[in-house]
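Asks:
In the working numbering, the protein residues as written are 313 to 503.
1) In three-state DSSP terms, what is residue 376?
2) Contact check, residue 372 vs residue 410 under 8 Å by CB: the rounded distance?
3) Indicate whether residue 295 and residue 382 have their beta-carbon atoms separated by less than 8 Å.
4) What are the complete alpha helix (DSSP H) segments, minimum 4 residues, inside the stretch 374-437?
5) My assumption, with CB atoms under 8 Å, is that residue 390 sits in contact with residue 475. Please give the rounded CB distance.
6) Compute the Euclidean distance between the alpha carbons of residue 483 and residue 400, then round it to the nearest angstrom.
7) Could you compute how far the alpha carbon of residue 446 sits from the alpha carbon of residue 415?
8) Please list the segments of the alpha helix (DSSP H) lying wholly inside the stretch 454-496, counting only runs of 4 or more residues, in order along the chain.
9) Am I right that residue 384 and residue 335 are in contact with their C-beta atoms under 8 Å? What's the rounded C-beta distance?
10) Measure the CB-CB distance between residue 404 and residue 481 and report whether it falls below 8 Å.
11) In whole angstroms, what is the alpha-carbon distance linking residue 501 and residue 370?
12) Is it buried or exposed, residue 342, if we count other Cβ atoms within 10 angstroms and call 16 or more buried?
13) Verify whether the separation of the beta carbon atoms of residue 527 and residue 379 is less than 8 Å.
14) Got a sec? Which residues, its chain only, sit under 6 Å from residue 479 by beta carbon, not counting five neighbours each side?
15) With C-beta atoms as the reference, is residue 430 less than 8 Å away from residue 437?
16) Measuring alpha carbon to alpha carbon, tell me which of 440, 458, 374, 459 ends up nearest residue 418.
17) For residue 420 and residue 444, I'd like the C-alpha separation in whole angstroms.
18) With C-beta atoms as the reference, is residue 468 less than 8 Å away from residue 461?
19) Helix, strand or coil for residue 500, going by three-state DSSP, please let me know.
Next up, the structure:
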């Protein structure tokens, strides 16, 4: 059928081809996906930055982020003692983790990352653990201790053990638990 170029029904008979396969719906969907990707990328960058390396000797096993998380937990666990003890306990914890097998180092690092990023999941606010105030961090750590989930209770025990092992090596922590220190002369066992 021949159609005259001046016939208005000619345009209605055949729909115009879409430019390069884009529709408005497809364009909006792609823009939405790109927006979500940019948002998640920005959140990841934000959550993985802001950790300064501690002063003094270089860390042996922990990253600056992992050290900051252990220090944040130590500040709560050792609350009431000399504030410097938490820093020394975290520093000792780094050396302790460095002496462990590779699978245990991975487990401790995973625990520290979970502790850092789980506050929103446990109703402790929308911030990471190292950015919570001391009172909020204390309540957050208590949620770990009293959790119905064995993983969180065991994680609490692991954090507490590393911090205590590091802190109770220091004589400033002994008076708190009425410990006079090790005997001056080694005890002799049965011969």
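Virtual Cβ for every residue (Gly too), placed ideally from N, Cα, C.
Replies: Reading off the structure:
1) helix
2) 4 Å
3) Nothing in the structure corresponds to residue 295, since the chain is present only between 313 and 503.
4) 376-389, 395-410, 414-429
5) 6 Å
6) So the two alpha carbons sit approximately 12 Å from each other.
7) Distance between the alpha carbons of residue 446 and residue 415: 31 Å.
8) 462-479
9) Rounded, the Cβ-Cβ distance is 50 Å, inconsistent with contact.
10) yes
11) In this model, residue 501 and residue 370 are separated by some 40 Å (Cα to Cα).
12) exposed
13) Past the boundaries of the shown model lies residue 527; the chain is included only from 313 to 503, so the question cannot be answered.
14) 390, 397, 401, 485
15) no
16) 374
17) Using only the alpha carbons, I get a separation of about 21 Å.
18) no
19) coil
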